[in-house]
Structures are given as structure tokens and as C-alpha cells.
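All residue numbers for the sequence shown refer to this note's numbering, where the first residue is 26 and numbers rise by one. For each residue, glycine too, the CB sits at the ideal point set by N, CA and C. Every value quoted in this text rests on a predicted model; they were computed, and no experiment measured them.
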Amino acid sequence: MYKKRNKRIRQIKWFYILTIIFLINAVCLTGCGKKSKQINNTEDISEPGNFLLNDNNQEIIDYNQYLKKIWIVKNWSGEGGYDYFSFYISKIENGIIEGKICVSAIAFPEFSFYEFDDLLGDLNGTVNNDKAECKFNDIYGNEGNIVWNFQDNELEAKIEYVHKERDCENKLIDGQYVFRPYNLNDIKDFIPDKKYSFITDIDSWGNVNLISGEVDHTDKFYPAIYLTNDCNDIFYKFHAPFKTGTKVKEATVKDFNNDGRKDVKIITAFDDIEIEDIEWLFYQGDNGLFYNSRLNVN
């Protein structure tokens, strides 16, 4: 009698224990993979300007996931030219947001073959919770406002122009848009070369992938080099007058001019004819952007 009763009690105890374990695991699993986490009011945050707290001061969102990426309209298929609003966010700190925009092309971070030449417009505003309000202007004189909401790997935006230059009026359309990161998959003719692609650390860019390859249009091909994250979202493109018919032969990241910042050297060569290799040195400036001041033929 007592044995049966004790057995029954043990079964009930194990039932409650297993139920509690199940509930704890369920709570943990539902929190995995999300952009927020629970904190208390006394937890130290090393970079307070890069996080979002809700009204109850309980959840934070890491703004870093929106930095450096180039944002393009979500419904662009990658076919044909890009003729929409595009931007990148360079800084979110202490409620202030800064970036660069282009109203009718992809907003690649500035690059010059000889010296820095700012071809993008300015984007400045404030961040409040999951909402940002900014003013922008471009090099053509167009001006406007943009309000967006931060979502998982997307930005939902409302764009309103307050001034349009006459030559641009037909291209600039107010409205609601959803933006996503610009990705290597959007470049339909790009073929990466694993031999000259690798993970590297480049100062303010952090750990990035340097992706070398070629753009092949069937009748012609030429080199292309990018900085990306692990999802192939593009941070930077190295613009240069690469010769048609050449391929990347070497890629190196190193401080070549001894200024304390890492630079990028690319050597290209013709694939089927004996012509000297071409060396391209991309120096990094103090703002993290690159420029090329010389071209060497080896």
C-alpha cells in the first residue's frame, strides 16, 4: 500500500518537474534569434548611443545592424539600372542619426580614383525608439524629409520632397517605401573568386569579407571588388577604371603608406595575353573611405 502511494507521489513530482523544464525551454526558444533582449535598469551598456529602450526600459534593439549597409527599395529585382532612392547610415549615437543619400542611384559610399569627391547628399535627423525622422538633400539641390521605422533587416519609410529641381521632377515620387540591404545577389553578372576573397579586419569597418571577382557580360568581363558582411550585404565597392579582359591576380590588406590605417592592394592581369600586371592601391582615409592615388604597371 505504502509502496504504491510513494510511487504515485514520485510520478506526480516528476510530472511537475518536467512541466517546469518544458516551460522554461519554451520561453528561451521564443527569445532566440530576435533583435531585442531583456535587461534591468542597472545593466551597463558599453555603447548607449547604439541601442533602443522601450517605454518600460526593458528591451533594447541593437542599431548596429542598420549601419554600413546600403539600403535600396525592396521590390527592385536587380534587373536594369537602379533609379530609386537609396541611402546608407553611417552613425546612430545619442539619439542622432547621420548618413548619405542618392535619390536616383545606388548610394555607394564615396570613392575617388585620385582624391575624395563627395557625390552623395546628406542625411541627418533624430532617433526616438523605433522611429527616425530625417531631413535630406542631394548634390542636385533636391530636398525632403524621410520618416522610417526600424524592422528586422528592413526599413519602412515615408518620403516627402519639399523641393524638386526641374530636371529631376519626374524621377522623385513621394510615398511609402520598404528598404532592404543591397546584396551581391542583386548583381546578376558578378562571379566571385574564392581564391582572392577572404575575411579581414579593416579598422572602422570591423570584420568584413573582401570579395574579389569579375563582372561577366558574356562579350566582355572586368574585375569587381566589394566589402560585405557574412550575408553578402554590400558595404563598399572599390571603383577604379579596371581594364576589360583582366582578372584579379592578388588581393592584400595592409597599411601600405604607414599612416596607421589598413589599405587594400589589388593586382589584375590579362587572362590570355602577355601584358604587364597592373597594381591598384586603395588608401584608406581617416573617415574609413578609400581613394586611389596611383596606378602601377609591374
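Asked	Found
So, with DSSP's three-state summary, where would you put Arg286?	coil
Could you check if Pro266 is buried or exposed, using at least 16 other CB atoms within 10 Å of its CB as the buried criterion?	exposed
Could you please give the first and the last residue of the uninterrupted beta strand (DSSP E) stretch that includes Val273?	Thr271 to Lys279
Taking DSSP as the reference, what is the three-state secondary structure of Tyr88?	helix
Does at least one heavy atom of the ligand SAM sit under 8 Å from the Cβ of Glu123?	Looking at this structure, you won't find the ligand SAM or any other ligand, since it has none at all.
Where does Ser115 sit, in a helix, a strand or coil, going by DSSP?	strand
Taking only three categories from DSSP, how would you classify Ser229?	helix
Please confirm whether Gly146 and Lys125 have their CB atoms less than 9 Å apart.	yes
Using the beta-carbon count (16 or more within 10 Å), is Glu239 buried or exposed?	buried
With distances taken Cα to Cα, identify the nearest neighbour of Thr277 among Glu181, Lys213 and Tyr221.	Tyr221
Note down the Cα distance separating Asn153 from Gly270, rounded to an integer number of angstroms.	50 Å
Just to confirm my understanding: we take Lys287, look at its own chain, exclude 5 residues before and 5 after, and list those with CB closer than 7 Å. What are they?	Ile227, Asp228, Val278, Lys279, Asp280 and Gln309
Are the stretch 190-197 and the stretch 210-219 touching, with three or more C-beta to C-beta distances below 8 Å?	no
Quick one: what does DSSP say Asp241 is sitting in, helix, strand or coil?	strand
Helix, strand or coil for Gly313? Go by DSSP, reduced to three states.	coil
Identify which residue in Tyr202, Tyr91 and Lys196 has its Cα closest to the Cα of Asp155.	Tyr91
Determine the DSSP secondary structure at Glu304, reduced to helix, strand or coil.	strand
Relative to the C-alpha of Glu158, which candidate in Phe110, Ile122, Tyr247 and Lys93 has its C-alpha closest?	Ile122
Got a sec, what are the start and stop residues for the beta strand (DSSP E) Asn153 sits in?	Gly146 to Asn153
Please say whether Lys196 and Ser129 have beta carbons closer to each other than 9 Å?	yes
Give the straight-line distance between the Cα atoms of Phe133 and Thr253, rounded to the nearest whole angstrom.	12 Å
For Tyr316, which option in Asn282, Ile298 and Glu185 has the closest C-alpha, if you only look at C-alpha atoms?	Asn282
Given a cut-off of 9 Å, decide if Phe260 and Trp305 are closer than it, judged by their beta-carbon atoms.	no
Mapping DSSP to helix, strand and coil, what is Tyr261?	strand
Within its chain, find whatever has a CB closer than 6 Å to the CB of Lys183; leave out the 5 residues flanking it on each side and keep chain order.	Val172 and Gln201
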